[in-house]
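Visitor: Heads up, the sequence shown is in this note's numbering, so the first residue is 10 and it goes up one at a time. Got a structure here, written out as structure tokens. Questions coming.
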Amino acid sequence: TRIMRFVDYKLEKVSANNMDTSLISPTLQLELYVNQRADYLIQMPIFALAQECYPEIFGSICAAFTKNFYEKGEPVFTAGSYATALHLTYVGKYEYAQEDETPVTLEGIGWFGELSLYVDPVWHSS
């Protein structure tokens, strides 16, 4: 699984850098992003509202997200670190831990750091 994720990452990175953008229209690119990412973005209420009320803006939101891969045990963020982005998870297992509490193992779609969408100086609380 780890090897396949790495291959997926490398192919995406190489194809994104070498792709001739004149071969695919911006409208089709946007449609592809929405098709790939909408299902897990709409799990967050603000994005579900954007999809329903502002579909053009929702497409731009889908295009703005990037895919990141993390190894087992690698932290995505730590409590007290500066929150600069929303983190959405959509595959795999991960641990969510609050200070002085036992970590909880979660799986599937989840989001963290959403407060960073609304204010500038914010720190991760867990």
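Don't be surprised by glycine CBs; every beta carbon is placed ideally from N, CA and C. Predicted, not measured: the structure shown is a model, and the values here were computed from it.
Y63 and L97: beta carbons closer than 8 Å?
Guide: Contact: no.
Visitor: When the Cβ atoms of the stretch 63-81 are set against those of the stretch 106-118, are three or more pairs found closer than 8 Å?
Guide: no
Visitor: Please work out which residues of its chain come closer than 7 Å, Cβ to Cβ, to V100, disregarding the five sequence neighbours upstream and downstream, and give them in chain order.
Guide: none
Visitor: Just confirm the distance between the C-beta atoms of A94 and G122, as a whole number of angstroms; I'd bet it's less than 8 Å.
Guide: 6 Å
Visitor: What runs of the beta strand (DSSP E), each 3 residues or longer, lie entirely inside the stretch 69-110?
Guide: Within the stretch 69-110, the complete beta strand (DSSP E) runs of at least 3 residues are 96-98, 102-105.
Visitor: What residue does the beta strand (DSSP E) around L37 start on, and which one ends it?
Guide: Here L37 belongs to no beta strand (DSSP E); instead the alpha helix (DSSP H) covers 35-50.
Visitor: Leaving out five residues on either side along the sequence, give the residues of the same chain with a beta carbon under 7 Å from the beta carbon of C71.
Guide: Y42, V43, R46, A47, L50
Visitor: Might you give, ordered along the chain, the residues of its own chain that have their beta carbon closer than 6 Å to the beta carbon of A106, omitting 5 neighbours on each side?
Guide: P112
Visitor: Would DSSP call A25 helix, strand or coil?
Guide: Reliability of the predicted coordinates at A25 is poor, the pLDDT of 49 falling under 50, and the value obtained from them is presented with this limitation in mind. Helix.
Visitor: Using only alpha-carbon positions, find the residue among S31, S34, L37, M53 that is nearest to W120.
Guide: Ranking S31, S34, L37, M53 by Cα distance to W120 puts M53 first.
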